[in-house]
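Novice:
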Amino acid sequence: MKVLTVNDFGGSVGYGQNLDDQKYISCLLNNVIEEMEKREYEERKVYLNDNKGIQMRRFVSISSKDKECTLTIVDHHSTSGSITPRRTFSEFCEPCKYFPDSDSVKRGLNSPCATGMMSLTLRADGVLSPCRLCTENGINIKNFNQRRMQKCVDELLTAYDMCFHKTIVGE
8 MKVLTVNDFG GSVGYGQNLD DQKYISCLLN NVIEEMEKRE YEERKVYLND
58 NKGIQMRRFV SISSKDKECT LTIVDHHSTS GSITPRRTFS EFCEPCKYFP
108 DSDSVKRGLN SPCATGMMSL TLRADGVLSP CRLCTENGIN IKNFNQRRMQ
158 KCVDELLTAY DMCFHKTIVG E
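Under this note's numbering, think of the first position of the sequence shown as 8, with each following residue one higher.
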């Protein structure tokens, strides 16, 4: 089972904006983690996409010999209270208004990015982007042939070449 908290998509979605809601969800997740630690579960840190993306906390049953039961937790809150505060960013992210070190985030105009570089995203309107928020740098792939599609994907994947990790520290 994978437990995901609600992603506010840079403040575009209202749920989770309330600090009390975030504290409550973090409290619930901490209770789940404490319970997993009491039982015979081993904690492992896992990442998506070759050590890029959010660090997830996975608990694996070490008592079951036949089947491996796992619980994976990903906390998309962009505050220091996040259960999984490590994010991966790249040079592609730095000019974005949701980048944690951007002026608009520092002045409180935007919430910091809650996901970082995770995976290529294809929206329903055909825009393919290395970011769920920064779609203006995406490419509309409607009606692309296979060769053009491959070139587009190769180009977008270069955004992952110069990745670095940041830990959420601000409220």
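Beta carbons are placed, not taken as given, at the ideal position from N, Cα and C, and that holds for glycine.
What residue does the beta strand (DSSP E) around L135 start on, and which one ends it?
Specialist: Start at 1 with the first residue of the sequence shown, and residue 135 comes out as number 128. That run of the beta strand (DSSP E) goes V134 to S136.
Novice: Tell me whether N147 sits in a helix, a strand or coil according to DSSP, three-state version.
Specialist: By one-based count along the sequence shown, residue 147 stands at place 140. N147: strand per DSSP, three-state reduction.
Novice: With distances taken Cα to Cα, identify the nearest neighbour of M169 among C138, P107, R114 and F99.
Specialist: Here residue 169 refers to the residue found at position 162 of the sequence shown. Taking only the C-alpha atoms, the option nearest M169 is F99.
Novice: State the Cα-Cα distance for the pair Y48 and N37, rounded to the nearest angstrom.
Specialist: Position 41 of the sequence shown holds residue 48. Position 30 of the sequence shown holds residue 37. Approximately 15 Å, taken between the alpha carbons.
Novice: Between which two residues does the alpha helix (DSSP H) holding R155 run?
Specialist: The residue labelled residue 155 in the question sits at position 148 within the sequence shown. Counting along the chain, the alpha helix (DSSP H) containing R155 begins and ends at Q153 to L164.
Novice: State the CB to CB distance for the pair C84 and A121, rounded to an integer number of angstroms; the pair is presumed to be in contact (CB under 8 Å).
Specialist: If you number the sequence shown from 1, residue 84 lands on position 77. If you number the sequence shown from 1, residue 121 lands on position 114. In the sequence as presented, Cys is not what sits at residue 84; that position holds His. Sure, about 7 Å apart at Cβ, within 8 Å.
Novice: Over the uninterrupted alpha helix (DSSP H) stretch that includes S111, give me the two end residues.
Specialist: On the sequence shown, position 104 is the one that residue 111 refers to. S111 -> alpha helix (DSSP H) spans D110 to K113.
Novice: Which of helix, strand or coil does DSSP assign to I40?
Specialist: As a working mapping, residue 40 is identified with position 33 in the sequence shown. Helix.
Novice: Quick one: measure Cβ to Cβ for T174 and P92, integer angstroms, because I've assumed they're closer than 8 Å.
Specialist: As a position in the sequence shown, residue 174 is number 167, starting the count at 1. As a position in the sequence shown, residue 92 is number 85, starting the count at 1. Contact holds; Cβ gap of about 5 Å.
Novice: Under a three-way DSSP split, which group does C3 fall into?
Specialist: Residue 3 is absent from the structure shown; the chain starts at 8 and stops at 178.
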